[in-house]
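Asks: One structure, pasted below without further comment.
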Amino acid sequence: MEEALTSYKRREQALRRKHERMARGYVTKLDKKTGNYVQVPVGQSGGMGLRLMLLAAAAFIAFKTLVLTFIGVGAYQAHVDTLAGGSTFEQVGAWLMQIDPLTAKLAEFGSLLVS
């Protein structure tokens, strides 16, 4: 009896997973063996995590560029140096906020647009 219950739970769980995948989208295909039309889940990978990380990185670089453009290199570097002398958390912030080549080029381009 225990084996039958385990088998039932495994089949039920597989069916629930399939229904969850199909709720995210499905396509209708012709089954070559039987000749019947069947709906199968769309084979999409997540991808949202990577997109979200890239969007966050782009937003962070844009923020750094705006700050660097509007307060200038000297004042920006002074703020970063102040952070570098602080706690470990502030030192990590200083490392993240340091002027990198991409931010410097974008700030240079931004200062041309602003002035």
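If you're matching positions, the sequence shown starts at 0 in numbering that gives the first Met the number 0 and goes up one per residue.
Yeah, the Cβ is synthetic: ideal placement off N, Cα and C, and Gly gets one too.
My output table needs one value for V26: the three-state DSSP class, helix, strand or coil.
Replies: Three-state DSSP puts V26 in a strand.
Asks: What residues are listed by DSSP as bridge partners for P40?
Replies: DSSP lists Y25 as partners of P40.
Asks: Compute the distance between the beta-carbons of I60 and L111, then report whether it is under 8 Å.
Replies: The answer is no: Cβ separation not under 8 Å.
Asks: With T33 as the anchor, note down where its alpha helix (DSSP H) starts and where it stops.
Replies: Per DSSP, T33 belongs to no alpha helix (DSSP H) and is neither H nor E.
Asks: Beta-carbon separation of A192 and Q76 under 8 Å?
Replies: This structure cannot settle anything about residue 192, because the visible part of the chain is limited to 0 through 114.
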